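Worksheet: one structure, shown below.
In this note's numbering, the protein residues as written are 2 to 113.
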């Protein structure tokens, strides 16, 4: 997805398709994380539960922001192309960072 910024306005349709695929993959990862939390809820400490709640809420919020960027990106004019692809890429990378942080915290809490 970092390569999205490399698409020119003439490659707009392919960029939109690639962004949609990336968004679907992220949705699947978030669903998987939620499922893991649900499966392990009873064995999680209170601290781990609270951290999971906070992180899942943050993931959902960031995912919604990414979906808004995707909608704008998909419907953007050619003149707004550069701004839209940059905004979508930044939102995507932010969501990936939050997701990585969540996975690291979750793993550390399980070890404790």
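Glycine residues also receive a C-beta, built at the ideal position from the N, C-alpha and C atoms. The structure displayed is predicted, hence computed values, not measured ones.
Three-way DSSP call (helix, strand, coil) for residue 95 in this model: As a first step, residue 95 is located in the chain shown; it is residue number 94 there, counting from the start. Note: residue 95 maps to helix in three-state DSSP.
Simplified DSSP state of residue 71, which is helix, strand or coil: In the chain shown, the residue the question calls residue 71 occupies position 70. Three-state DSSP puts residue 71 in a helix.
Going along the chain, which residues of its own chain have a beta-carbon closer than 7 Å to the beta-carbon of residue 69, five neighbours each way excluded? In the chain shown, counting from the first residue as 1, residue 69 sits at position 68. Cβ within range, chain order: n/a, list empty.
Touching or not, the region 30-44 and the region 72-81, by the rule of three or more beta carbon pairs under 8 Å? no
Same chain, Cβ closer than 6 Å to residue 97, five either side skipped, listed in chain order: What you label residue 97 is simply residue 96 of the chain shown in a count that begins at 1. Correct list: empty, nothing qualifies.
At the level of alpha carbons, what is the spacing between residue 13 and residue 45? Taking the chain shown and counting its residues from 1, one reaches residue 13 at position 12. Taking the chain shown and counting its residues from 1, one reaches residue 45 at position 44. Answer to the nearest angstrom: the Cα atoms are 45 Å apart.
DSSP three-state label for residue 56, please. In the chain shown, the residue the question calls residue 56 occupies position 55. Helix, per DSSP.
Around the C-beta of residue 56, are 16 or more other C-beta atoms found within 10 angstroms, so that it is buried, or is it exposed? Taking the first residue of the chain shown as 1, we reach residue 56 at position 55. Buried.
Assuming residue 99 contacts residue 67 under a Cβ cut-off of 8 Å, what Cβ separation, rounded to an integer in Å, is found between them? Against the chain shown, residue 99 aligns to sequence position 98. Against the chain shown, residue 67 aligns to sequence position 66. So it is not a contact: roughly 11 Å between Cβ atoms.
Beta-carbon within less than 7 Å of residue 89's beta-carbon, same chain only, minus the 5 sequence neighbours each way: which residues are those? In the chain shown, residue 89 corresponds to position 88, counting from 1. Within the same chain, residue 89 has close Cβ partners 5, 20, 70, 71 and 74.
Buried versus exposed, by CB contacts within 10 Å (16 or more), residue 64: Counting from 1 along the chain shown, the entry for residue 64 is found at position 63. With 16 or more Cβ atoms within 10 Å of its Cβ, residue 64 is classed as buried.
Check residue 36 in the structure and name its three-state DSSP category. Position 35 of the chain shown, counted from the start, is the residue given in the question as residue 36. Note: residue 36 maps to helix in three-state DSSP.
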